[in-house]
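First up is the structure itself, then whatever we jot down about it.
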Ligand SMILES: CC(C)(COP(=O)(O)OP(=O)(O)OC[C@H]1O[C@@H](n2cnc3c(N)ncnc32)[C@H](O)[C@@H]1OP(=O)(O)O)[C@@H](O)C(=O)NCCC(=O)NCCS
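In the numbering used here, the protein residues as written are 3 to 125.
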């Protein structure tokens with residue numbers, strides 16, 4: 003299930019975010035990112051918890067109009083089991099009534115794959 007990030011989950015959240023291509027280059031960038039999620043009311047971080055915390059998904063509210071999914075990451079031992087898709091689905095459900103949900107460049111390819119599959123299912 004999707005849970006809201008809390009400070010006591012900082013280490014695990016940083017570990018998960020470090021799989022994002024833009025975050026793994028520099029520890030400093032990762033520290034800034036987590037700080038932004040902790041302090042900026044427009045940045046919302048969620049974690050996916052089964053027995054353990056195994057995924058992270060981060061959203062930025064842009065101009066009170068868009069909910070931009072800017073981070074999505076799953077622990078490598080739990081990939082290809084549909085967790086990434088479930089997280090996107092849950093975030094869509096949480097935000098779609100109030101915002102236009104979209105993906106930042108870093109998340110675009112996975113997000114598109116998922117939404118295209120959904121559109122085909124609906125067709
Ligand atoms: C992307 C990521 C979150 C997917 O998580 P996951 O739980 O394995 O995803 P799902 O099981 O729901 O979906 C797996 C499918 O997504 C595909 N996929 C994985 N990474 C992808 C990417 N970067 N772009 C497009 N598709 C991708 C897989 O090939 C698989 O496809 P298939 O079902 O046709 O075999 C995970 O691979 C990850 O953490 N990657 C590192 C972080 C990252 O690069 N995030 C940004 C991705 S754009």
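Virtual Cβ for every residue (Gly too), placed ideally from N, Cα, C. These numbers were taken from a predicted model, which means no experiment stands behind them.
For residue i, verify whether its CB is less than 7 Å away from any heavy atom of ligand 1.
| i | result |
| --- | --- |
| residue 82 | yes |
| residue 60 | no |
| residue 16 | no |
| residue 108 | yes |
| residue 103 | no |
| residue 87 | yes |
| residue 75 | yes |
Pick helix, strand or coil for residue i, following the three-state DSSP scheme.
| i | result |
| --- | --- |
| residue 42 | coil |
| residue 51 | strand |
From the DSSP output, which residues share a beta bridge with residue i?
| i | result |
| --- | --- |
| residue 105 | 71 |
| residue 57 | 50 and 76 |
Quick check on the DSSP output: the beta strand (DSSP E) that includes residue i runs from which residue to which?
| i | result |
| --- | --- |
| residue 83 | Premise fails: residue 83 is in no beta strand (DSSP E) and is neither H nor E. |
| residue 4 | 4-6 |
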